[in-house]
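K.L.:
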Amino acid sequence: MDDQTVSKPGFARVALLAAFLLALVHQYLFYGKMPGISYPIFVVLFYAFMFYFGKEKLRKHNWFSYMWMGSVFLLSLTYALFGNWFFFGLNYLVIPALILLHMTYMLSYRLPSWSGFGLIGAALEHFFPQSLRHWNTAVKLLRRSQGGVSNERKQVLIRIVIGLLISLPLLLIVTSLLSTADGVFNRLLTELPGYFDNISFGEWITRALWIILLGLGMFGFVWGFVDSKSYIQTYPPGGLDTLTVQDVNEPEEESIGVDDPIIITTVLAVINAVYMLFVSVQFSYLFGAWEGVLPDGKTYADYARSGFFELILVTALNFVILLLSLLAVRKAGGGLKRVIQILLYILVLCSMVMLYSAYSRLTLYEEAYGYTYIRFLVHAFMIFLGLLLVLAAVRIIRAEFPLLKCYIVLGLLSYVLMNYIGMDHIIARQNIQRYAASGTLDANYLTGLSADVVPELIEFSRQENGILDEALRNRLSERVRPLRNWPSFNVANFREQRELKDYFEKGVVH
Numbered sequence: 003m004d005d006q007t008v009s010k011p012g013f014a015r016v017a018l019l020a021a022f023l024l025a026l027v028h029q030y031l032f033y034g035k036m037p038g039i040s041y042p043i044f045v046v047l048f049y050a051f052m053f054y055f056g057k058e059k060l061r062k063h064n065w066f067s068y069m070w071m072g073s074v075f076l077l078s079l080t081y082a083l084f085g086n087w088f089f090f091g092l093n094y095l096v097i098p099a100l101i102l103l104h105m106t107y108m109l110s111y112r113l114p115s116w117s118g119f120g121l122i123g124a125a126l127e128h129f130f131p132q133s134l135r136h137w138n139t140a141v142k143l144l145r146r147s148q149g150g151v152s153n154e155r156k157q158v159l160i161r162i163v164i165g166l167l168i169s170l171p172l173l174l175i176v177t178s179l180l181s182t183a184d185g186v187f188n189r190l191l192t193e194l195p196g197y198f199d200n201i202s203f204g205e206w207i208t209r210a211l212w213i214i215l216l217g218l219g220m221f222g223f224v225w226g227f228v229d230s231k232s233y234i235q236t237y238p239p240g241g242l243d244t245l246t247v248q249d250v251n252e253p254e255e256e257s258i259g260v261d262d263p264i265i266i267t268t269v270l271a272v273i274n275a276v277y278m279l280f281v282s283v284q285f286s287y288l289f290g291a292w293e294g295v296l297p298d299g300k301t302y303a304d305y306a307r308s309g310f311f312e313l314i315l316v317t318a319l320n321f322v323i324l325l326l327s328l329l330a331v332r333k334a335g336g337g338l339k340r341v342i343q344i345l346l347y348i349l350v351l352c353s354m355v356m357l358y359s360a361y362s363r364l365t366l367y368e369e370a371y372g373y374t375y376i377r378f379l380v381h382a383f384m385i386f387l388g389l390l391l392v393l394a395a396v397r398i399i400r401a402e403f404p405l406l407k408c409y410i411v412l413g414l415l416s417y418v419l420m421n422y423i424g425m426d427h428i429i430a431r432q433n434i435q436r437y438a439a440s441g442t443l444d445a446n447y448l449t450g451l452s453a454d455v456v457p458e459l460i461e462f463s464r465q466e467n468g469i470l471d472e473a474l475r476n477r478l479s480e481r482v483r484p485l486r487n488w489p490s491f492n493v494a495n496f497r498e499q500r501e502l503k504d505y506f507e508k509g510v511v512h
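In the working numbering, the protein residues as written are 3 to 512.
1) Within the same chain, show all residues whose beta-carbon is closer than 7 Å to that of A17, passing over the 5 residues directly before and after it, in chain order.
2) Could you tell me if W488 is buried or exposed, where buried requires 16 or more neighbouring beta carbons within 10 angstroms of its beta carbon?
3) Which class does V250 belong to by DSSP, given the choice of helix, strand or coil?
4) Rounding to the nearest angstrom, what Cα-Cα distance links L319 and V392 in this structure?
5) Quick one: grab the DSSP three-state call for D229.
6) Say whether the segment 421-431 touches the segment 41-58, bearing in mind that this needs 3 or more beta-carbon pairs closer than 8 Å, one atom from each stretch.
7) Is it true that the CB of G38 sits closer than 7 Å to the CB of A82?
8) What did DSSP end up calling P131 once you bin it into helix, strand or coil?
9) When DSSP labels each residue in this structure, what does I423 get in the three-state scheme?
10) Along the alpha helix (DSSP H) that carries G336, what are the first and last residues, could you check?
11) Does DSSP classify D243 as helix, strand or coil?
12) Would you grab the beta carbon distance between V96 and L76 for me? Rounded to a whole angstrom, and I think it's under 8 Å.
13) Kindly indicate the opening and closing residues of the alpha helix (DSSP H) around N93.
14) Secondary structure at T236, three-state DSSP: helix, strand or coil?
15) In its own chain, which residues sit with a C-beta less than 6 Å from the C-beta of A453, not counting the 5 before and 5 after it?
16) Measuring CB to CB, does L338 end up less than 7 Å from P263?
17) Return helix, strand or coil for K35, following the three-state DSSP convention.
18) Which value, in whole angstroms, describes the spacing of the CA atoms of L351 and L470?
19) With DSSP collapsed to three states, give me the class of T192.
20) What would DSSP say about L19, mapped onto helix, strand or coil?
21) When the Cα atoms are used, what is the spatial distance from N93 to T177?
22) Using beta-carbon positions only, say whether E501 and P457 come within less than 7 Å of one another.
23) Distance check for L121 and Y111, CA to CA, integer angstroms please.
24) Less than 8 Å between the CB atoms is what I'm expecting for M36 and S490, so what's the real figure, rounded?
25) What residue range does the alpha helix (DSSP H) around T449 cover?
26) Should I331 go down as buried or exposed, given a rule of 16 or more other Cβ atoms within 10 Å for buried?
27) Quick check: A439 and L324, are their CB atoms within less than 7 Å of each other?
28) State the start and end residues of the unbroken alpha helix (DSSP H) segment that holds P42.
29) Is the beta carbon of G372 sitting closer than 7 Å to the one on N433?
30) Can you tell me the Cα-Cα spacing of I207 and A401, whole angstroms?
31) If the criterion is Cβ atoms closer than 7 Å, does the pair L31 and F44 meet it?
32) For L113, does the count of other Cβ atoms within 10 angstroms reach 16, so buried, or fall short, so exposed?
33) Restricting to Cα atoms, I'd like to know which of L211, Y505, F119 is closest to P407.
34) In whole angstroms, give me the CA-to-CA distance for M52 and M105.
35) On a Cα-Cα basis, can you pick out the residue from Y375, A370, I423, S232 that is closest to Q435?
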C-alpha cells in the first residue's frame, strides 16, 4: 500500500466511506430524475468533500479561484432556475470540465498556472492515471479492514450462520402449522410474494453499480491529489554529463518558425493591403444600408445573407494571425518591432470593421426572417470576438499584459452571463416587436421556446385576442406534468405549470 495511505489509514478509510456516501446521495438525486435543484446541492457537497479530504494539498485561495468557484456554482444553479434546453445540455459538459480544472489548480502537486496550457495536461493526468491507480488503494483498504476482524468475531459469525441454517427447517414447519390454524395469516403468507413483484432487482443492481463505481471514482479522484505519483519526465542518470563535447560546443542552427519577425511582417503587410481595400469598399455602403442605400441589385435579404459567414471566418482567421504575431513582437527589436505593432493595429482595426459589417448584416437578416437561438448566439459570439480583439490590442503595446489569463476570465464570465442574460426572453421580445412592426409571426417557433418565456407568451396572446392560445393549450397538455420528486424542481417549469393552468382553467379573457 502507498506510504500516504499506510501513514494515515484511518483518514483514508473515512475518505473512502465519505466517497460511497456521496455516491449514494448522487444516485438518489439523479437516478431516473431530471437535474434541477439537485445539481447545485451536489456541487456544494462535492466541493466540501474535495476540499476537506484534500486540505493538506490545498493551495491558498485568491480572487481568481473564488471567481472560478463562484462561476461553477452559478452555472449549476441554472438547472434550478431556467429551462433553456441549449445551456441545459451544454452545461452537462462545461461544469464538470470547469470543476476538474479548478480542483487541479487548487490541489495538484504540479502547481499548474492558470495562464498556461499545463493546467489541461495536469487535469487529464489527475482524471485518468492518478485516479485509477487509487482504485487499487480502495480495494486494499477494504481488505485490510476485513483482516482486522478478530478470530472471536469470526467464531460468532460462524455460529450465527449455523443457527440460521438450523432455523430454516423449523421455520418451514412452524409457518405451515400457523397458516393452517389461521386463515388470515395464511392469506397474508399467500399474498406476501406479490409485494416483491413491484421491486425491480435490475434497477437495484444498477443503483448498486452506480454507487460502487462512482464511489471508487470519487475516492480515486481525491486521493490522486492527496497521494500523487509524479509522471513528469526527468533527465536520465548522469544528466548533462552524458552530453558529448561536440554537442556542447557545436552552435545551434537558427530555427525559422511561423513566429519569425520577418515572416510575420511580410504576411501582415500583404494581408493588410487586401483588408484595407476591402474596408474602403465596405465604408462606401456599410452605413448606407441602414438608409436604404444598398449595392446594386441587392435586396435587404440578399445583402444580409451574402458574405456573412465568410466575414466571420476571416475575422476568426485574423485573430489566429494576431496571436501568432504577438509571439513575433517579443523576438523583434528596434524599428522592426514598431513596424509589426503598427501592422497589428491595422489588422485589429480591419477585423473590427469586418465584425461590424457582419453584425449589421445579421441584424438586417433578423428583421427580415425573425430571431432564433442560432442567430442570437452568433450575435453574442461576434461581440465576444470583438472583446478578444480589444484585449489583444492592449497586449500589442504592453508586453507584460497577462493576455491568456484575461481571456480565461473574459471567457468564463461571458459564459456565465450568457446563461443568465435570458436568451429566450430576448428572442421572444424581439419577435413580438417584429410582429408589431410587420405583422409577421412564427407562432410555432415562439411557443417552442423554453419555459422561461411562458408568462410573456400568455400576456402577448391575451393582448392579441388569443393568437397563441391553441399552441399554448397543446403545450399544457403535452409538457405540463405534476412535480414527481423534489430533486428535479425547477423554478421556470414550476412557473410554467402555474401560469398555464391559471390562464386556461380559470377562463381565458381577451
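Idealized CB from N, CA, C, for every residue including glycine.
P.N.:
The relevant details are as follows:
1) Here residue 17 refers to the residue found at position 15 of the sequence shown. Here the set comprises F55, F221, V224, W225.
2) Residue numbering aside, residue 488 sits at position 486 when the sequence shown is read from its first letter. Note on W488: under 16 other CB atoms within 10 angstroms of its CB, so exposed under the neighbour-count rule.
3) Looking up residue 250 in the sequence shown gives position 248. Confidence is the limiting factor: at V250 the pLDDT is only 39, short of 50, which leaves the residue's position unreliable, though a coordinate-based value still follows. Reduced to three states, the DSSP call for V250 is helix.
4) Residue 319 sits at position 317 when you count from the first residue of the sequence shown. Residue 392 sits at position 390 when you count from the first residue of the sequence shown. CA-CA distance, L319 to V392, rounds to 16 Å.
5) Here residue 229 is taken as the residue at index 227 of the sequence shown, counted from 1. The DSSP-derived three-state label of D229 is coil.
6) no
7) As a working mapping, residue 82 is identified with position 80 in the sequence shown. As a working mapping, residue 38 is identified with position 36 in the sequence shown. Contact flag set, yes.
8) The residue given as residue 131 occupies position 129 in the sequence shown. Looking at P131 - three-state DSSP - the assignment turns out to be helix.
9) Locating residue 423 in the sequence shown gives position 421, where the first residue counts as 1. Note: I423 maps to coil in three-state DSSP.
10) For the purposes of this step, residue 336 is taken as the residue at position 334 of the sequence shown. Unbroken alpha helix (DSSP H) run through G336: 336-371.
11) Stepping through the sequence shown from its first residue, residue 243 is reached at position 241. Reliability of the predicted coordinates at D243 is poor, the pLDDT of 45 falling under 50, and no value is obtained from them.
12) The residue given as residue 96 occupies position 94 in the sequence shown. The residue given as residue 76 occupies position 74 in the sequence shown. V96 to L76, Cβ: 12 Å. No contact.
13) Indexing the sequence shown from 1 puts residue 93 at position 91. Counting along the chain, the alpha helix (DSSP H) containing N93 begins and ends at 87-109.
14) Taking the sequence shown and counting its residues from 1, one reaches residue 236 at position 234. Interpretation of T236 is limited by its pLDDT of 47, a score under 50 that renders its predicted location unreliable; the figure taken from the coordinates is listed afterwards. T236 falls in the coil class under three-state DSSP.
15) Counted from its first residue, the sequence shown places residue 453 at position 451. Excluding residues within five positions, the ones whose Cβ falls inside 6 Å are G85, A494, N495, E498.
16) The residue given as residue 338 occupies position 336 in the sequence shown. The residue given as residue 263 occupies position 261 in the sequence shown. Yes, Cβ-Cβ distance for L338 and P263 is below 7 Å.
17) Your numbering for residue 35 matches position 33 in the sequence shown. K35 falls in the coil class under three-state DSSP.
18) Numbered from 1 along the sequence shown, position 349 holds the residue referred to as residue 351. Numbered from 1 along the sequence shown, position 468 holds the residue referred to as residue 470. Near 46 Å, if we compare the C-alpha coordinates of L470 and L351.
19) Here residue 192 corresponds to residue number 190 of the sequence shown, with the count starting at 1. Residue state, collapsed to three classes: helix.
20) If you number the sequence shown from 1, residue 19 lands on position 17. Helix, per DSSP.
21) Taking the first residue of the sequence shown as position 1, residue 93 is located at position 91. Taking the first residue of the sequence shown as position 1, residue 177 is located at position 175. Computed Cα separation, rounded: 57 Å.
22) The residue given as residue 501 occupies position 499 in the sequence shown. The residue given as residue 457 occupies position 455 in the sequence shown. Yes. Within cutoff.
23) In the sequence shown, residue 111 corresponds to position 109, counting from 1. In the sequence shown, residue 121 corresponds to position 119, counting from 1. Using only the alpha carbons, I get a separation of about 11 Å.
24) Mapped onto the sequence shown, residue 36 falls at position 34. Mapped onto the sequence shown, residue 490 falls at position 488. The Cβ separation is near 5 Å, so the contact holds.
25) Your numbering for residue 449 matches position 447 in the sequence shown. 445-449 is the extent of the alpha helix (DSSP H) around T449.
26) The residue given as residue 331 occupies position 329 in the sequence shown. A small fix is needed here, since residue 331 is Val in this sequence, not Ile. V331 should be labelled buried.
27) Counting from one through the sequence shown, the residue named residue 439 turns up at place 437. Counting from one through the sequence shown, the residue named residue 324 turns up at place 322. Not a contact, by the Cβ cut-off of 7 Å.
28) Within the sequence shown, the letter at position 40 stands for residue 42. Unbroken alpha helix (DSSP H) run through P42: 40-55.
29) Walking along the sequence shown from the start, residue 372 turns up at place 370. Walking along the sequence shown from the start, residue 433 turns up at place 431. Result yes, Cβ atoms of G372 and N433 sit closer than 7 Å.
30) As a first step, residue 207 must be located in the sequence shown, where it is residue number 205. As a first step, residue 401 must be located in the sequence shown, where it is residue number 399. Rounded to the nearest angstrom, the two C-alpha atoms are 59 Å apart.
31) Here residue 31 refers to the residue found at position 29 of the sequence shown. Here residue 44 refers to the residue found at position 42 of the sequence shown. Result yes, Cβ atoms of L31 and F44 sit closer than 7 Å.
32) For the purposes of this step, residue 113 is identified with residue 111 of the sequence shown, where counting begins at 1. Label assigned to L113: exposed.
33) In the sequence shown, counting from the first residue as 1, residue 407 sits at position 405. It is worth fixing the name first, because residue 407 is Lys in this sequence and not Pro. Of the candidates L211, Y505, F119, the one whose C-alpha sits nearest the C-alpha of K407 is F119.
34) On the sequence shown, residue 52 is found 50 positions in, with the first residue counted as 1. On the sequence shown, residue 105 is found 103 positions in, with the first residue counted as 1. If I take the Cα positions, the gap works out to 8 Å.
35) As a first step, residue 435 is located in the sequence shown; it is residue number 433 there, counting from the start. If we check each option's Cα against that of Q435, A370 comes out closest.
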